[in-house]
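When we follow full-length UniProt numbering, the leftmost residue of the sequence shown carries the number 1, and every step to the right adds one. Okay, structure first, notes after.
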Amino acid sequence: MHFLVVDDSSTMRRILCNTINSIGYTTTAAEDGLDALEKIKEQKFDVIMTDWNMPRMDGLHLVRALRAMEAYKKTPIIMVTTEGGKQEVITAIKEGVTNYIVKPFTAFLLREKLKEIVS
């Protein structure tokens with residue numbers, strides 16, 4: 001499986017990619033929603049992990065754009081964000097997010113959430 005990891009923080013991109021790679025999956029990183037949309041023009045991804053708050057295009061707008069594309073209507077999308085309020089979670093799920101992880105998180109929690117998605 002190939003994951004697209006979208007986050008404006010280079011540290012968070014590295015943490016997510018390293019954890020995903022350690023499980024045995026491949027990753028590509030993007031620094032915001034616009035960068036992510038450019039990368040999906042080049043190749044298909046099996047899972048998208050995105051932050052909510054990013055410059056140029058945030059994660060919620062990215063989710064909307066992906067869900068509007070036939071190729072990504074059913075692709076798992078995991079929102080990884082500091083936005084942990086009940087209303088934010090409801091909003092993200094209504095927009096099409098498959099799963100939600102609130103920062104900070106542990107590597108164990110990330111692996112458990114990934115198991116739910118890829119199994």
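Ideal Cβ positions, reconstructed from N, Cα and C, are used throughout, including at glycine.
Of the listed residues the options, nearest to residue i (C-alpha basis)
i: M49; options: A29, E70, T11; result: A29
i: V5; options: E31, G24, L66; result: E31
i: V39; options: H2, T106, W52; result: Reading the sequence as shown, one finds Lys at residue 39 and not Val. Comparing Cα-Cα distances from K39 to each of H2, T106, W52, the minimum goes to H2.
i: D8; options: M69, M57, K41; result: M57
i: T91; options: L37, L60, M54; result: L60
i: K41; options: P55, N21, L66; result: L66
i: residue 135; options: L37, N21, K73; result: Any answer about residue 135 is impossible in this case: the structure gives the chain only from 1 up to 119.
i: G85; options: A36, L16, W52, D35; result: W52
i: D46; options: A71, L16, F105; result: A71
Residues of its chain near residue i, where Cβ-Cβ distance is below 6 Å and the 5 sequence neighbours each way are ignored
i: I77; result: I48, V63, V97, T98
Those residues which DSSP pairs with residue i across a bridge
i: I101; result: V80
i: L4; result: T28, I48
Assigned exposure category for residue i - 16 Cβ within 10 Å defines buried
i: V80; result: buried
i: G33; result: buried
i: I69; result: Residue identity check: residue 69 is Met in the sequence provided, not Ile. Per the 10 Å Cβ criterion, exposed.
i: I93; result: exposed
i: T82; result: exposed
i: T27; result: buried
Residues of its chain near residue i, where Cβ-Cβ distance is below 7 Å and the 5 sequence neighbours each way are ignored
i: R13; result: V5, D7, A29
Supposed close pair residue i, residue j - CB separation, criterion 8 Å
i: Y100; j: V89; result: 5 Å
i: I23; j: L114; result: 7 Å
i: T19; j: A107; result: 5 Å
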